Each structure stands twice: as structure tokens, then as C-alpha cells.
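Engineer: Below is one structure. I have some questions about it.
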Amino acid sequence: MKKPRRSAAWYGKLDKDGFIHRSWMKNQGFPDHAFDGRPIIGICNTWSELTPCNSGLRTLAEAVKRGVWEAGGFPVEFPVTSLGETQMKPTAMLFRNLLAMDVEECIRAYGIDGVVLLGGCDKTTPGQVMGAASVDLPAIVVSSGPMLNGKWRGRDIGSGTDVWKFSESVRAGEMTLQDFMAAESGMSRSAGVCMTMGTASTMAALVEAMGLALPTNAALPAVDARRTALAHHTGRRIVEMVEEDLKPSDILTRAAFENAILANAAVGGSTNAVVHLLAIAGRVGVDLALDDIELGRDIPLLVNCMPSGKYLMEDFAYAGGMPAVLAQLRAHLRPARTVLGGDIAAYAEGAEIYNTDVIRPMSDPVKPAAGLRVLRGNLAPDGAIVKPSAATADLLEHEGPAYVFETIEQLKAEIDRDDLPVTPDTVLVLKGCGPKGYPGMPEVGNMPIPAKLVRAGVRDMLRISDARMSGTAFGTVVLHVAPEAQAGGPLALVRTGDRIRVSVSKGEVALLVDAAELDARRANWRPDPPHYTRGYAKLYVDHVLQADKGADLDFLVGKDTRPVTRESH
Ligand code: FES
């Protein structure tokens, strides 16, 4: 027997409660037949003028609605918290779990049968997927899509990646401030997310590889009419998914996460994918651990996009996008169901590479083994990660003296000092930037190279932190050190002059100080007083898990799929 429609508990009742639910909705002009028992589809929209990457989502929402009506459903759009990566302080990551809570509670509280998640900017995709996974109604993603390629003075420039390069050039005296300012307008030329393979495009790619969005969703430019058509198709498909009762728990299996890890290596994806995948897995009860990230270790880098390569997302889309990548990965992909109901292999059927310098075949990759690596040792007992494809090969095996910044404020005050006692061999260490410490684990792990070394031509150094780094950034940076300094991890005990050894080939990050000395330091260590003492930030600091667990809030792990039975009136 067919499951009763969830929305019937709101709109199907012939009593006072049903009257109230329907009547107030009718003030928007919805006719009687909208409430005739058809699937009601929520369109969960993270549009905001303060999230410029998601500024195209209103147009896409209208296209989704057309598809929903066409397939016999009733679309209802609703807003949720929007997280503008480049606009929020102290960091959008502080609010990812707030968005996830907002999404979860809205989906649960309203009388909808399925949901289309409209997101794009870095934290909006994982936050929405986390929230939807915890309710487990049929759900499908439509991403913002990337901005058009940046253009400046006759060449392509990429969001983020070129900002870091320009900024270093200004500090080295190789670029004028006027030119630096002039590049701003050329970088962001249309609606859409960063057009490098930053976190937004990475998460869009992984959502596609996990089968949570229709094929080609990841790469089509935001302003490409084909993205609008894809949104229309998605509206049609979600109605069918409700009829089929195809839920996130049917799609987000262990195999889907493994496919995401393989895809992340192949596209040269962001390190941020690690915390997001771990957090999503926690919601659906998939036993994914930090070390599983190394499943992608031997997968070659196929997508030649910044920051690991040279092209941009628009090029990636025209070269074939994710279907072409999945076709190359075919021999490695695990069988996994998708929003289309079939196997992920179907996404790759008929896919071709149209530019073999942008998407390389397995036989001629950009780099041979591109997956993220997990490091452990007495400096990171619960793990840390590094992205070899964006690093300097020589620094992946390195030992040197530490120069420690206890806080981000100290780093900003000192990094350009001419008398900073550092050499290219120094290991820069930044503390206090983990989930609890900052709070929110910001993207500051790719510390700037000290100005005096930049002027001497140094462009990379080994850096270690409990922070994250932007998906658009590059460099030899050991990130997500767990436990973080503020939680009392060994990182808190490092002092300037201590020797640190990193060996990516051995998966090691070691503080070369004897245990007795570290015990003595620990006895005198105290956490910093909290920066926030009220509101959501206090809730976050009190409950956030460490990076190796996805930095979700402890009480949000898992799901609750029970029906809501109590009425408000
Ligand atoms: Fe929004 Fe990069 S800042 S996607």
C-alpha cells in the first residue's frame, strides 16, 4: 500500500486545522486544486544579496517551480539562513551548523513532501545537505553554478587563487596598489560561485558524484541557460522522487561517500570537503572516519583547474564537466544509487572529454596521485590533513624550527616585520584557529609568507595550524590539526624554536620535543578565555566537535524522522 502523503497531515484535513493551513496559504492566490493531495515541494533557497555567490538562485527557483507544476506538484519556496563566505565575520563556518539546523527544522515543521536545496557558496551546500539528511525527506540539490571566468588585461584570473597571488605581489613590490584595486571588477563578472575549484565548486562536484544532483549540475556556469533548464528538470524529478519515496538515506550510503572522496582527488578539490563529508556522514549514520579520506590517495589529478592547475570552471564545464570525470573514474566508482534512481555509472554514460588539457584522461593526468593525505603524530594525535596537489613537492618532507603565532592578531601584527626571525626553512605555526578557538575554524591556515621572505623570492613555506584554508588557496599547509590548541591539543604546547618534522610519505607530523618537557608545559597550560559568552556562538563553542569528526554540533549528529503530530492551534 502506498505511504500516505506527509503533506496531507497539514492540507488534507477537513477540520479547523486543515482550514487554517489551507486558508492562510490561499492568501497568495493558490487555487483549491493546489491542495488536492499532489506532492508539495519545498524549495529551500539560500538567496541573499549578502551571499553574492547565490544571487542567481531566485531565477533558478522560478525554473524549479515550472518543473514542479509541470510534473503535477505544488512548489513552495522558503528562505533559510544564507552564509556569504566573503562577507561574514568572524567566519561563515561558524554558522554552517546554524544553517543546517535552520534547514532541518524548516523541512520538518512545514507540510512538504520533498525538498529542492538551492545553494552554492561554500557552506551553503553542506549546511543544506546536513539539515535535509537529518529529516530524510526526498531531497535534491541545484547549485548556483560558477561565475564566468575572471578577465583582466587580456588574461583569465581566478577567484581567490589570483587574489592570494596578487596580494603577495603587492607585498613583494611587484604590483602596484592601483593595479591590485583595478583587478577587483574583472574577477567577479557574473552571478555565481568562485570559478576556481574552490570549496563551492568542490562541494557541487561531490554532490554530483554522490548522486544528490542531476548530471552536469556542478560545472555549468551560473548564467548558462542550460543551468536554468537543469533547475526545471530538477523540479520535475523531485516530484517523481516523492512518488518513489527516494530519500537521502537511500543515496548517501558509504559507497556514495567513497565516490565523493575519489572524485575530490580527481578534481583537485578543497580540503574543506573533509570536514563537510565527515559532518554529512554523521547525519546519515555512515561510519566515515578521517583516515577514509586516503581512499583517494592514488587517484590522479584529472581536472586542470586552479588552485591545483591552470584553468577555470567555465573551461571545465565546456570540457565535459563531472560526467566526463566520472567516466574516467568508472573503474573505481562504487555502485551507488542516485536521485535518478539508477546507479552513478549512468551519469558517465556517453560522456566525453572535449578538451583534454582541461580534463585529462587517466592515462595522462595533471599529477599522478592527487588525493588528500592524513598526517598523525604527537603534534596531531587525532589527525591533520594536507593537500599535496597544491603544495611544493620539496616541502612535503621537511624538518625545521617552529615560529609560533599564538593568535591571528599576533600573526597580523608580526608577519611583515623586517626583523622577524624566520628563514625559508622555518615552520610557521598558528594556534587558536580551530572550531572552538577562533571560534568557527576560519580559512586562515594558509598564513601569508613573511614579507621579507616574499621580497627574497620565497613563495611557499611549511605551515601548520588548527585552521582550515580556502579551497582556492595553495601552498604546503598542514591543516585541521586535531585536537585544536584551544581544546588542549599538543599544538597548544609548541614554542618558537621547537623542531617540527613533517613526512607526507610516512603520514607523520611530529613535534621533536621530549615527552617530559611536553608534560611540564601541559601542566602550566590554560585555554584562552572564550570570545563569546552568549547566543549561538556560545552554543557552538560548548558543543562543537573537533575537525576529525566534521565540526558538527554534538547534539545534531544523526537524524530524527518521526512525524510531527502536535498542532500549533
Ligand atoms: Fe562564495 Fe567562493 S566566496 S563560493
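Its first residue numbered 62, the sequence shown is counted upward by one per residue in my numbering.
Ideal Cβ placement from N, Cα and C applies to all residues, glycine included.
These figures come from a predicted structure and were not determined experimentally.
Under 5 angstroms from any heavy atom of the ligand MN, by CB: list those residues in chain order, please.
Structural biologist: In the structure shown, the ligand MN is absent; the only ligands present are the ligand FES.
Engineer: Label His-630 either buried or exposed according to how many other C-beta atoms from any shown protein chain fall within 10 Å of its C-beta, with 16 as the threshold for buried.
Structural biologist: With fewer than 16 other Cβ atoms within 10 Å, it is exposed.
Engineer: To which residues of the same chain is Val-488 closer than 8 angstroms at the C-beta, ignoring the five residues directly before and after it?
Structural biologist: His-459, Gly-461, Pro-462, Ala-463, Tyr-464, Met-522, Leu-523, Arg-524, Ile-525, Ile-561 and Val-563
Engineer: Which of helix, strand or coil does DSSP assign to Phe-135?
Structural biologist: strand
Engineer: Does Lys-610 come out as helix, strand or coil in the three-state DSSP assignment?
Structural biologist: helix
Engineer: Give every residue of the same chain whose Cβ lies closer than 6 angstroms to the Cβ of Gly-145, excluding the five residues on either side of it in the sequence, and list them in chain order.
Structural biologist: Closer than 6 angstroms at the Cβ level, and outside the excluded window around Gly-145, lie Leu-111 and Thr-112.
Engineer: Please check the pair Ala-543 and Glu-504, which I expect to be a contact at CB under 8 angstroms, by giving their CB distance rounded to whole angstroms.
Structural biologist: Wrong, their Cβ atoms sit about 17 angstroms apart, outside the cutoff.
Engineer: I'd like to confirm the pairing. Which residues does DSSP put opposite Leu-273 in its beta bridges?
Structural biologist: In the DSSP output, where bridge partners are listed per residue, Leu-273 has none listed.
Engineer: Identify the continuous beta strand (DSSP E) that holds Trp-213 and give its terminal residues.
Structural biologist: First-last of the beta strand (DSSP E) with Trp-213: 211-213.
Engineer: Leu-351: which of Val-435, Thr-295 and Val-386 sits nearest, CA to CA?
Structural biologist: Answer by Cα proximity: Val-435.
Engineer: Keeping to the same chain, check which residues put their C-beta closer than 8 angstroms to that of Gly-172; ignore five residues upstream and five downstream.
Structural biologist: Arg-67, Ser-68, Ala-70, Trp-71, Tyr-72, His-82 and Ile-101
Engineer: According to DSSP, what are the bridge partners of Lys-428?
Structural biologist: Leu-362
Engineer: By Cβ distance below 7 angstroms, which residues in the same chain neighbour Lys-497 in space, the five residues on each side in sequence not counted?
Structural biologist: Within the same chain, Lys-497 has close Cβ partners Glu-545, Gln-547, Ala-548, Val-602 and Val-605.
Engineer: The alpha helix (DSSP H) that contains Glu-304, what's its start and end?
Structural biologist: 286-305
Engineer: Helix, strand or coil: how does DSSP classify Tyr-593 here?
Structural biologist: coil
Engineer: Is it buried or exposed for His-293, if we count other Cβ within 10 angstroms and need 16 for buried?
Structural biologist: Buried.
Engineer: Please classify Ser-84: is it buried, with 16 or more other beta-carbons within 10 angstroms of its beta-carbon, or exposed?
Structural biologist: exposed
Engineer: Thinking C-beta only, is Ala-233 closer than 7 angstroms to Val-427?
Structural biologist: no
Engineer: Given this structure, state the Cα-to-Cα distance separating Ala-361 from Met-423, to the nearest angstrom.
Structural biologist: The amino acid occupying residue 361 in the given sequence is Pro; Ala does not appear at that position. Straight-line Cα distance between these residues: approximately 7 angstroms.
Engineer: Can you look up Asn-325 in the DSSP assignment and give me helix, strand or coil?
Structural biologist: In the three-state scheme derived from DSSP, where H, G and I count as helix and E and B as strand, Asn-325 is classed as helix.
Engineer: Locate the alpha helix (DSSP H) running through Ser-230, then write down its first and last residues.
Structural biologist: It spans 222-232 - the alpha helix (DSSP H) in which Ser-230 sits, taken as one unbroken run.
Engineer: For Gly-272, which residues from the same chain have a beta carbon less than 7 angstroms from its beta carbon, with the 5 sequence-adjacent residues on both sides left out?
Structural biologist: Ile-312, Ala-317, Ala-397, Arg-398, Thr-399, Val-400 and Ile-405
Engineer: Can you tell me whether DSSP reads Tyr-464 as helix, strand or coil?
Structural biologist: Three-state result, Tyr-464: strand.
Engineer: Assuming contact is defined by CB atoms lying nearer than 7 angstroms, are Gly-181 and Ala-161 in contact in what I supplied?
Structural biologist: No; because the gap between Cβ atoms is not below 7 angstroms, this pair is not in contact.
Engineer: Are three or more beta carbon pairs between the segment 365-377 and the segment 318-335 nearer than 8 angstroms?
Structural biologist: yes
Engineer: Report the residue from Val-555, Pro-482, Gly-117 and Ser-450 whose alpha carbon sits nearest the alpha carbon of Leu-363.
Structural biologist: Leu-363 has its Cα closest to that of Ser-450, out of Val-555, Pro-482, Gly-117 and Ser-450.
Engineer: What first and last residue would you give for the beta strand (DSSP E) that runs through Ser-564?
Structural biologist: 560-564
Engineer: Could you name the residues that DSSP lists as bridge partners for Leu-178?
Structural biologist: Leu-178 is bridged to Cys-105 and Val-202.
Engineer: Between the C-alpha atoms of Pro-276 and Arg-99, what's the straight-line distance to the nearest angstrom?
Structural biologist: The alpha-carbon atoms of Pro-276 and Arg-99 are separated by roughly 26 angstroms.
Engineer: Which stretch, first to last residue, makes up the alpha helix (DSSP H) that contains Pro-442?
Structural biologist: Segment 441-447 is the beta strand (DSSP E) holding Pro-442; no alpha helix (DSSP H) there.
Engineer: List the residues that DSSP assigns as beta-bridge partners of Ser-249.
Structural biologist: Partner(s): none; Ser-249 has no beta bridge.
Engineer: Classify Arg-169 as helix, strand or coil using the three-state DSSP reduction.
Structural biologist: helix
Engineer: If Pro-485 and Ala-598 are in contact, beta carbons under 8 angstroms, what's the gap, nearest whole angstrom?
Structural biologist: Incorrect: roughly 38 angstroms between the Cβ atoms, too far for contact.
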